[in-house]
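Numbering of the sequence shown is given in the UniProt record's numbering, commencing with residue 1 and proceeding in unit increments. Structure record follows, encoded as structure tokens.
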Amino acid sequence: MKKSVYQQFKPMILDYFDKAHIVLTEQEKENLEIADFGLDQFAQVGLSIVTLINTDRCCAKEMVLLPRQTCPEHRHPAIPKLNYPGKEETFRCRYGTVYLYVEGEPSSNIRGVLPESGKEHYSVFHEIVLKEGEQYTIYPNTKHWFQAGPAGAVVSEFSTRSLDEYDIFADPRIDRIPRIED
Numbered sequence: 001m002k003k004s005v006y007q008q009f010k011p012m013i014l015d016y017f018d019k020a021h022i023v024l025t026e027q028e029k030e031n032l033e034i035a036d037f038g039l040d041q042f043a044q045v046g047l048s049i050v051t052l053i054n055t056d057r058c059c060a061k062e063m064v065l066l067p068r069q070t071c072p073e074h075r076h077p078a079i080p081k082l083n084y085p086g087k088e089e090t091f092r093c094r095y096g097t098v099y100l101y102v103e104g105e106p107s108s109n110i111r112g113v114l115p116e117s118g119k120e121h122y123s124v125f126h127e128i129v130l131k132e133g134e135q136y137t138i139y140p141n142t143k144h145w146f147q148a149g150p151a152g153a154v155v156s157e158f159s160t161r162s163l164d165e166y167d168i169f170a171d172p173r174i175d176r177i178p179r180i181e182d
């Protein structure tokens, strides 16, 4: 992601935290992660994250999705060499609506809209709609993806230890760790 793109979206993302009444420290604002997954399509495929804590036992994050923005299909596998069973995470919607897709019986007439580029890399369509105050738990190694509704969304994530660099994405083009270029 180009630095100019990061700077363009950062104020908009911080406004979403304000809409959800989530107060961030100046350091948390400075450490805001804006991930485009290496696809350079941030408005369509991306996620903004503030990690509040990430220890060997637990993790808490606040995340923003812009209107109709998608976090692509992925899973959090076990990592035997680290004695890690995979990440278990609970998403709680704080603002807007989130369309979450997990393994299971595909839903008919899903509300989400697949991104044009890479849509062949989405394979799970069991839809869970999270409105403000609703939550859902995803167990380790479960394929999932999610998308904001038309007003965008703010989501709190509560999980076991997060090792994002080990996430497995369905789309081989994806680079999970954001890189900011001049």
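Built from N, CA and C at the ideal position, the CB exists for glycine as well.
{"Check": "Expressed to the nearest angstrom, what Euclidean distance is found between the alpha-carbon atoms of Gln135 and Ile22?", "Outcome": "17 Å"}
{"Check": "Can you tell me whether DSSP reads Lys143 as helix, strand or coil?", "Outcome": "coil"}
{"Check": "Would you identify the three-state DSSP class for Pro72, choosing helix, strand or coil?", "Outcome": "strand"}
{"Check": "Along the beta strand (DSSP E) that carries Met12, what are the first and last residues, could you check?", "Outcome": "No beta strand (DSSP E) contains Met12, which is instead part of the alpha helix (DSSP H) from 3 to 19."}
{"Check": "From the DSSP output, in three-state form, read off Gln27 for me.", "Outcome": "helix"}
{"Check": "Starting from Leu130, follow its DSSP beta bridges and name the residues at the other end.", "Outcome": "Val98"}
{"Check": "Could you pull out every residue in the same chain whose Cβ sits closer than 8 Å to the Cβ of Cys58, ignoring the five residues on either side in sequence?", "Outcome": "Phe158, Ser159, Thr160, Arg161"}
{"Check": "Between the C-alpha atoms of Glu26 and Lys10, what's the straight-line distance to the nearest angstrom?", "Outcome": "13 Å"}
{"Check": "Let's see if you can read the secondary structure: which residues bound the beta strand (DSSP E) around Glu62?", "Outcome": "59 to 65"}
{"Check": "What residue does the beta strand (DSSP E) around Glu116 start on, and which one ends it?", "Outcome": "Neither: Glu116 is in no beta strand (DSSP E) and is coded neither H nor E."}
{"Check": "Is the distance from the Cβ of Glu89 to the Cβ of Val154 below 8 Å?", "Outcome": "no"}
{"Check": "Tell me which residue opens and which closes the beta strand (DSSP E) that Glu105 is part of.", "Outcome": "Premise fails: Glu105 is in no beta strand (DSSP E) and is neither H nor E."}
{"Check": "With which residues is Ser156 paired in a DSSP beta bridge?", "Outcome": "Glu62, Arg92"}
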